[in-house]
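Worksheet: the structure to be examined is printed underneath.
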Amino acid sequence: MIKEFKTFIGVARNGTFTGAGAQLGLTQSAVSAQIKRLEEYLGVTLFERSARAAVLNANGREMLPQAEELVAMAERMVTTAGAGHVSGSLRIGAIASVQQDLLVRALGEFRAVYPDVRVRVVPGVSLSLLGQVDAGEVDMAMLIRPPFALPPELGWQPLMREPVMLAVPESLPAAPWRELLATQPFIRYDRASFGGRAVDIFLKKHRIAVREAVELDEIEAIAGMVRHGLGVALLPHLRQLDTTGLRLLALGEDAFHREIGLIGRLPFEAGGVREKMAECLASAAAEPAAGPL
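If you count by the working numbering, then the sequence shown holds residues 35 to 327, one letter each, in order.
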């Protein structure tokens, strides 16, 4: 809860959530979320809130000196520990597809350098992970690039681009990809996801009417349905995708990609664990695929 106590001190000194957020590099919603967590942890409210200000109440005034002492003690502990031994924790949000390959590779390199740092992987879909980074609930997240502008406090570090291809059962007779999309049952990549939105935009752009069969947000499961003859699907060609029983057809001049990247409050602190994890992820993304895990 050290981060929450630091935010509490910032709000107490500044008098507003927005002003404290500007000083701490957080959005107003992230500051609100951290103060809420701290109040729930302590079991008391700390501020009298109004539309324009946040003023310490009796509980807040009593807690402020203790919070300042606690934060100062934590900072002394970090200094005393020295640069040779780093511990603590790192919270990483990750969509399902990167947990199985990219994150595995990156964690091996990261833990060789920081064996005492606990890493918590928080699963989720891209939109929810973006919200968790914005609220300060995770330190960084690997997700599909959002189809809209990011908040100014957040940065995007691209990691890799996955071509979207038409997956068809291996037993299906050869035919042009447009014809297969128009005539075969369609297993749809969930439209609520960023990747699924890109597929939907592609279909509308090319005026392709598909025969809807199933819609879900799990690429390996979509591939499994295609493999068993339930239909065809537009899906990203993952590094670890098991293509047994499938044919993957390129979209030629109409090809598009799913971009995977890292979102956080960039740049990360020089020489810190977040910067090292970002480096490990970039290194893992640059490695050639080693086949299905």
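Yeah, the Cβ is synthetic: ideal placement off N, Cα and C, and Gly gets one too.
Inset, instruction - For Glu-252, collect the residues of the same chain with a Cβ closer than 8 Å to its Cβ; drop the 5 residues on either side in sequence, then sort them by chain order. - result: In the sequence shown, counting from the first residue as 1, residue 252 sits at position 218. So the qualifying residues of the chain are Ala-130.
Inset, instruction - Starting from the Cα of Phe-42, find the closest Cα among Ile-69, Asp-135, Leu-184 and Glu-321 and give me that residue. - result: As a working mapping, residue 42 is identified with position 8 in the sequence shown. Residue Ile-69 is the option with its Cα nearest to Phe-42.
Inset, instruction - Taking Ile-294 as part of the beta strand (DSSP E), name the residues at either end of that continuous run. - result: Counted from its first residue, the sequence shown places residue 294 at position 260. DSSP places Ile-294 in the uninterrupted beta strand (DSSP E) bounded by 291–298.
Legend entry - First through last residue of the beta strand (DSSP E) which encompasses Ser-66: Within the sequence shown, residue 66 is the residue found at index 32, counting from 1. Per DSSP, Ser-66 belongs to no beta strand (DSSP E); it is in the alpha helix (DSSP H), 62–76.
Inset, instruction - Would you check if the stretch 255–269 and the stretch 208–228 touch, i.e. whether three or more CB-CB distances between them fall below 8 Å? - result: Yes: at least three Cβ pairs fall under 8 Å.
Legend entry - Boundaries of the alpha helix (DSSP H) in which Gly-127 is found, first to last residue: Taking the sequence shown and counting its residues from 1, the one referred to as residue 127 is at position 93. First-last for Gly-127: 122–128, but that is the beta strand (DSSP E), not the alpha helix (DSSP H).
Inset, instruction - Using the Cα positions of Leu-296 and Ala-312, report the straight-line distance between them to the nearest angstrom. - result: By 1-based counting over the sequence shown, the position of residue 296 is 262. By 1-based counting over the sequence shown, the position of residue 312 is 278. Using only the alpha carbons, I get a separation of about 8 Å.
Inset, instruction - For Phe-39, I'd like the list of residues in its chain whose CB is within less than 8 Å of its CB, leaving aside the five on either flank, ordered along the chain. - result: If you number the sequence shown from 1, residue 39 lands on position 5. For Phe-39, where only same-chain residues beyond five positions count, the Cβ hits under 8 Å are Leu-72, Ala-101, Leu-104 and Val-105.
Inset, instruction - Using 7 Å as the cut-off, classify the Cβ of Pro-270 as near or not near the heavy atoms of the ligand MN, replying yes or no. - result: In the structure shown, the ligand MN is absent, as is every other ligand, since no ligand is present at all.
Inset, instruction - Might you give, ordered along the chain, the residues of its own chain that have their beta carbon closer than 7 Å to the beta carbon of Asn-93, omitting 5 neighbours on each side? - result: For the purposes of this step, residue 93 is identified with residue 59 of the sequence shown, where counting begins at 1. Contacts found: Val-78, Thr-79 and Leu-80.
Legend entry - Assigned secondary structure, Val-172 (DSSP; H/G/I helix, E/B strand, else coil): Here residue 172 corresponds to residue number 138 of the sequence shown, with the count starting at 1. DSSP places Val-172 in coil when its eight states are reduced to three.
Inset, instruction - Please name the residue or residues paired with Glu-204 in a DSSP beta bridge. - result: Taking the first residue of the sequence shown as position 1, residue 204 is located at position 170. Glu-204 is not bridged to any residue.
Legend entry - Counted within 10 angstroms of its Cβ, other Cβ atoms place Pro-99 as buried (16 or more) or exposed: By 1-based counting over the sequence shown, the position of residue 99 is 65. Exposed, by the Cβ-count rule.
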